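Start counting the sequence shown at 4; every next residue gets the next number (my numbering).
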Amino acid sequence: MKKLKKPALLILSSVLLLSVILAGCSKKENSTGGASSSPSSSASASPDSSPSASEEAPAGWVFGSEPLAFSAYAHYGWLDFPADMAQVPFWKYLKEHKQTNITAIQAKGNHAQLMTTMMASGDLPDLIYTDRYHPDLNRLYEAGQLVAFDDYLDKYPNLKKYFDKKYLDILRAPDGKLYKFPNWYTDHPTSTAGDVVNKKIYEELGSPPLVTMDDLYNYLVAVKAKYGEDIIPFEPDRTQDAQGIGLIYAGFKEGALYQSLGAMLLAVPEGDKLTSIFTDPAFRESQKFVSKLYREKLISQDMFTQDRGKVQEKILTGRVAIYAGSGVTTWGMQGDMELKKKDPNAGYFMVWPFAKAGLDPKKIYAGGYDALGWNVSVITKAAKDPEKIFAFLDWITGPEGMSVQFFGAPGPDGNWDGLDENGYPNFTANYDAVEVADIQATNDPVMIAGNSSYIDKAKAKYEDTQPLENQNWAARWQRDITWPSSNDITGFRNNLEPPADGELGDIRQNTLDLFLQILSETATAKSDADVDRILDAAEDKAQKLGYQKLIDWRTERWLENKKILGD
4 MKKLKKPALL ILSSVLLLSV ILAGCSKKEN STGGASSSPS SSASASPDSS
54 PSASEEAPAG WVFGSEPLAF SAYAHYGWLD FPADMAQVPF WKYLKEHKQT
104 NITAIQAKGN HAQLMTTMMA SGDLPDLIYT DRYHPDLNRL YEAGQLVAFD
154 DYLDKYPNLK KYFDKKYLDI LRAPDGKLYK FPNWYTDHPT STAGDVVNKK
204 IYEELGSPPL VTMDDLYNYL VAVKAKYGED IIPFEPDRTQ DAQGIGLIYA
254 GFKEGALYQS LGAMLLAVPE GDKLTSIFTD PAFRESQKFV SKLYREKLIS
304 QDMFTQDRGK VQEKILTGRV AIYAGSGVTT WGMQGDMELK KKDPNAGYFM
354 VWPFAKAGLD PKKIYAGGYD ALGWNVSVIT KAAKDPEKIF AFLDWITGPE
404 GMSVQFFGAP GPDGNWDGLD ENGYPNFTAN YDAVEVADIQ ATNDPVMIAG
454 NSSYIDKAKA KYEDTQPLEN QNWAARWQRD ITWPSSNDIT GFRNNLEPPA
504 DGELGDIRQN TLDLFLQILS ETATAKSDAD VDRILDAAED KAQKLGYQKL
554 IDWRTERWLE NKKILGD
């Protein structure tokens with residue numbers, strides 16, 4: 004767990020160096036390197052995306068028409084892009100069919116240190132993929148080291164076609180320009196949060212009701228009694244970030260925001276203002292429930308220290324009774340396939356979010372969806388051909404790019420071959436659902452520019468033709484559980500991150516460190532009284548850190564978002 008402290012000397016030094024070294028870098032825009040050429044008949048856009056003759060868009064570079072090489076870096080502590088493009092089907096396709104060579108910069112767990120070093124030296128990757136409002140992106144923006152995309156929007160069709168302008172405006176920087184390319188932007192719910200249940204264990208225990216928090220507790224007790232240490236009753240994913248146990252919090256209050264436990268909000272909406280998470284009755288009650296599970300060994304005992312690889316291994320081998328998290332469909336699908344290889348009657352299924360007795364289950368939201376998606380990619384001024392990299396990102400989010408990511412290479416012997424009159428894949432008689440599921444799961448770590456508005460309709464085109472038992476596992480449970488049990492949190496996830504190198508930035512980091520610290524302390528507390536004592540002390544400490552000032556600032560920004568969104 005992070006300790007409550009000021010940033011390390013190395014980080015402070017890098018920030019000082021950043022203003023000197025990066026400011027000394029050439030301010031001159033790099034050449035776009037994209038020799039204009041007329042759009043070809045490639046499938047980079049659906050048929051109805053072409054401008055009319057009277058509104059001819061400027062010609063852009065055609066992705067794949069010439070070699071493209073660039074470096075890419077994933078700024079997440081749990082993710083490195085593959086060193087070899089052949090490791091994932093999509094990147095292998097890019098290399099073999101689109102003349103694209105991506106050099107992955109790997110941090111191997113030392114992401115904060117590596118980014119600090121790269122920023123201080125000015126030796127930046129061409130493309131950076133990270134959290135939308137990561138403080139390091141703010142630092143790069145303030146140092147003038149990001150490439151603006153505004154001049155490219157009319158040349159490349161997909162972002163402008165599929166992404167509502169009001170959301171595009173929310174992404175803009177203080178100077179009014181667009182520097183971030185969104186991942187998984189959407190026009191409908193896209194949450195993949197929820198509870199995944201081991202089918203075989205469930206049936207062996209008599210298929211009891213799993214609706215309320217009391218049902219959940221009784222079920223976990225039964226799992227422990229029957230299977231002992233061989234099975235983890237409740238496995239929360241990414242507990243270090245409050246994600247796995249965040250589902251429990253959401254079940255203790257109608258309309259509760261899963262995002263209230265996230266770094267970009269860390270507060271609870273009450274009417275037209277935000278309030279402290281530390282004093283929230285629902286959070287206190289949920290943490291008492293979590294600590295009860297922990298004391299009785301009904302929840303993973305190493306949930307705050309284990310890496311995600313260990314969680315995945317448990318799921319794939321069937322050693323969990325219930326798996327919960329903010330993005331469970333990928334591993335749930337993989338686990339379902341693996342268990343069915345040994346036993347066709349085994350596998351996983353999903354249930355509606357658990358609710359405290361007396362609450363309306365339809366007002367309980369396991370997760371939220373943000374119309375802007377989750378992550379972003381930025382292009383730095385280190386890039387030789389920034390326009391070509393933008394063309395690559397835009398192509399990814401078009402019909403061809405999305406279809407290759409999800410269904411593999413096109414062709415009569417593959418899963419799809421060409422596009423129909425609406426721009427969606429023509430699925431072939433050779434469509435292999437198992438292969439498609441494996442392609443999607445394997446490509447997941449490199450899906451850095453996703454268009455949910457398109458791909459969910461493309462998947463539905465095929466799945467709707469299939470009997471229930473043959474439908475893609477992830478697509479089925481997204482449609483039936485994770486999408487309808489999510490709420491719109493767009494207004495709570497955008498522009499609520501203060502500048503990293505100022506008073507509010509310090510308050511934000513120190514309060515977040517405190518929250519993650521007490522999250523562990525309360526989850527492992529010895530009694531309900533201990534939970535209250537820890538949270539009372541945390542509230543007092545947070546206020547001394549300036550937490551209320553951060554809450555007030557975020558309230559103002561949230562209300563501004565509501566105006567932009569028309570809420």
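Just so you know, even glycine gets a beta-carbon here, dropped at the ideal spot from N, CA and C.
Bear in mind that the values here come from a model prediction, so they are computed numbers and not experimental data.
Legend entry - residue 106 (DSSP reduced to helix, strand or coil): Residue numbering aside, residue 106 sits at position 103 when the sequence shown is read from its first letter. It is a strand residue.
Next on the checklist: Taking DSSP's pairing of strands, which residues face residue 491 in a bridge?
Outcome noted: In the sequence shown, counting from the first residue as 1, residue 491 sits at position 488. DSSP lists 372 as partners of residue 491.
**Message:** Tell me which residues share the same chain as residue 524 and place their Cβ nearer than 6 Å to its Cβ, disregarding the 5 neighbours each side in the sequence.
**Reply:** In the sequence shown, the residue the question calls residue 524 occupies position 521. These residues qualify, in order along the chain: 537.
For residue 21 and residue 146, what's the separation of their Cα atoms in angstroms? Locating residue 21 in the sequence shown gives position 18, counting from the first residue. Locating residue 146 in the sequence shown gives position 143, counting from the first residue. Here residue 21 scores only 37 on pLDDT, less than 50, and its place in the model is too uncertain to base an answer on.
* To do: Report the option in 397, 320 and 273 whose CA atom is closest to the CA atom of residue 345.
  => Here residue 345 is taken as the residue at index 342 of the sequence shown, counted from 1. Closest by alpha carbon: 320.
ask   = Where do the ends of the beta strand (DSSP E) carrying residue 429 lie?
value = Working through the sequence shown from its first residue, we reach residue 429 at position 426. Here the beta strand (DSSP E) through residue 429 covers 428-430.
With a threshold of 8 Å, are at least 3 pairs of Cβ atoms found where one atom belongs to the region 424-431 and the other to the region 443-455? Touching, no, given that fewer than three Cβ pairs across the two stretches are closer than 8 Å.
Between residue 573 and residue 255, how many whole angstroms is the CB-CB distance? I'm expecting something under 8 Å.
In the structure displayed, the chain extends from 4 to 570; residue 573 sits before or after that span and is not available.
Could you check whether residue 400 and residue 194 sit closer than 7 Å to each other, using their CB atoms as the reference points? In the sequence shown, residue 194 corresponds to position 191, counting from 1. In the sequence shown, residue 400 corresponds to position 397, counting from 1. Contact flag unset, no.
### Message
To the nearest angstrom, how far is the alpha carbon of residue 227 from that of residue 557?
### Response
The residue labelled residue 227 in the question sits at position 224 within the sequence shown. The residue labelled residue 557 in the question sits at position 554 within the sequence shown. For residue 227 and residue 557, the distance between alpha carbons rounds to 43 Å.
| query | Straight-line CA distance for residue 396 to residue 184? | reply | As a first step, residue 396 must be located in the sequence shown, where it is residue number 393. As a first step, residue 184 must be located in the sequence shown, where it is residue number 181. So the two alpha carbons sit approximately 8 Å from each other.
inquiry  = Only counting the same chain, and skipping five residues up and downstream in sequence, which positions put a Cβ closer than 8 Å to that of residue 91?
reply    = Working through the sequence shown from its first residue, we reach residue 91 at position 88. Exclusion of the five residues before and after residue 91 leaves 85, 445, 446, 448 and 449 as the residues of its chain whose Cβ lies within less than 8 Å of its Cβ.
Exercise. Where residue 352 and residue 413 are concerned, what is the direct C-alpha to C-alpha distance, given to the nearest angstrom?
Worked result: For this step, residue 352 is matched to residue 349 along the sequence shown. For this step, residue 413 is matched to residue 410 along the sequence shown. Between residue 352 and residue 413, the C-alpha separation is close to 31 Å.
task = Identify which residue in 128, 97, 94 and 370 has its Cα closest to the Cα of residue 74.
result = In the sequence shown, residue 74 corresponds to position 71, counting from 1. Out of 128, 97, 94 and 370, 128 has the C-alpha closest to the C-alpha of residue 74.
- Query: residue 324 and residue 221: beta carbons closer than 7 Å?
  - Reply: Along the sequence shown, one-based indexing puts residue 324 at 321. Along the sequence shown, one-based indexing puts residue 221 at 218. In this structure, residue 324 lies away from residue 221, with their beta-carbon atoms at least 7 Å apart.
Can the beta-carbon of residue 257 be found closer than 7 Å to that of residue 366?
-> Locating residue 257 in the sequence shown gives position 254, counting from the first residue. Locating residue 366 in the sequence shown gives position 363, counting from the first residue. Residue 257 is a Cβ neighbour of residue 366, given a cutoff of 7 Å.
Could you give the residue range of the alpha helix (DSSP H) that holds residue 354? Stepping through the sequence shown from its first residue, residue 354 is reached at position 351. Element bounds for residue 354: not the alpha helix (DSSP H) but the beta strand (DSSP E), 351-354.
task: Measure the Cβ-Cβ separation of residue 1 and residue 66 and say whether it is below 7 Å.
output: In this structure the chain extends from 4 to 570, so residue 1 is not present and cannot be described.
**Message:** Are the CB atoms of residue 452 and residue 186 within a distance shorter than 7 Å?
**Reply:** Stepping through the sequence shown from its first residue, residue 186 is reached at position 183. Stepping through the sequence shown from its first residue, residue 452 is reached at position 449. Cβ atoms of residue 186 and residue 452: closer than 7 Å.
query = Which of the three DSSP states, helix, strand or coil, is assigned to residue 271?
reply = Translated into the one-based positions of the sequence shown, residue 271 becomes position 268. Looking at residue 271 - three-state DSSP - the assignment turns out to be strand.
| query | Ordered along the chain, which non-local residues of its own chain (more than five positions away) have a Cβ less than 7 Å from that of residue 436? | reply | As a first step, residue 436 must be located in the sequence shown, where it is residue number 433. Non-local beta-carbon contacts of residue 436 in its own chain, meaning distances under 7 Å to residues more than five positions away in sequence, involve 473 and 475 in chain order.
Whose C-alpha, out of 174, 170 and 203, is nearest the C-alpha of residue 189?
-> Sequence index remark: in the sequence shown, residue 189 carries index 186 (1-based). Nearest C-alpha to residue 189: 170.
| request: Quick one: grab the DSSP three-state call for residue 127. | output: The sequence position of residue 127 within the sequence shown is 124, counting from 1. Residue state for residue 127 is assigned as coil, using DSSP reduced to three classes.
Could you name the residues of the same chain whose beta carbon sits closer than 7 Å to that of residue 494, not counting the 5 residues immediately before and after it, in chain order? The residue given as residue 494 occupies position 491 in the sequence shown. Only residues of its own chain outside the window of five on either side were considered, and among them 561, 564, 565, 568 and 570 have a CB closer than 7 Å to the CB of residue 494, listed in chain order.
| Does the count of Cβ pairs from the region 132-140 and the region 91-101 closer than 8 Å reach three? | No: the two stretches stay apart, fewer than three of their Cβ pairs being nearer than 8 Å.
**Report entry** residue 381 - partner residues in DSSP beta bridges
**Finding:** What you label residue 381 is simply residue 378 of the sequence shown in a count that begins at 1. Under DSSP, residue 381 takes part in a beta bridge, and its partners are 131.
Does the region 225-245 touch the region 296-310, meaning 3 or more C-beta pairs lie closer than 8 Å?
Result yes; three or more Cβ-Cβ pairs closer than 8 Å.
**Prompt:** What did DSSP end up calling residue 2 once you bin it into helix, strand or coil?
**Reply:** For the chain, the structure presents residues 4 to 570; residue 2 sits outside this window and is missing.
**Study point:** Residue ranges of each beta strand (DSSP E) within the region 244-295, 3 or longer
**Key:** Secondary structure in the region 244-295: the beta strand (DSSP E) runs of 3 residues or longer, each lying completely within the stretch, are 271-273 and 276-278 in chain order.
Q. Which residue comes first and which comes last in the alpha helix (DSSP H) that contains residue 438?
A. Looking up residue 438 in the sequence shown gives position 435. Here the alpha helix (DSSP H) through residue 438 covers 436-446.
### Query
Contact check, residue 552 vs residue 510 under 8 Å by CB: the rounded distance?
Taking the first residue of the sequence shown as position 1, residue 552 is located at position 549. Taking the first residue of the sequence shown as position 1, residue 510 is located at position 507. With a contact defined as Cβ atoms closer than 8 Å, residue 552 and residue 510 qualify at about 6 Å.
Q | Bridge partner(s) assigned by DSSP for residue 195 | A | Mapped onto the sequence shown, residue 195 falls at position 192. Under DSSP, the beta-bridge partners assigned to residue 195 are 330.
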